[in-house]
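Let me begin by presenting the structure, written as structure tokens, before commenting on it.
Dropping the structure here:
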């Protein structure tokens, strides 16, 4: 069992939350990569790169916001 008071445990939980959000973003937003490809036709980027960037950005943003809110609470 992970202790909530443990710094490693809390960081692990936030990492898992960020990963889960990025994973669900990957599943929920497949059409976003096509929109980016249509909007920026001159940039030839593989859709998997766009997916990875989008999911990473969403996961990082929400994870950072969560950690910031948690840090301000303490």
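Numbering (this note's numbering), first residue to last: 146 to 219.
No residue lacks a Cβ here, since even glycine has one placed at the ideal position from N, Cα and C.
query                                                                         : result
Cβ neighbour criterion (16 or more within 10 Å) applied to residue 170        : buried
For residue 146, the three-state DSSP class (helix, strand or coil)           : With a pLDDT of 48 at residue 146, under the threshold of 50, the predicted position of this residue should be treated as unreliable, though the coordinate-derived value follows. Correct three-state label for residue 146: coil.
Per-residue DSSP class, three states only, for residue 159                    : helix
Residue from 177, 194, 168, 179 with nearest C-alpha to residue 205           : 168
Coarse secondary structure for residue 186, derived from DSSP in three states : coil
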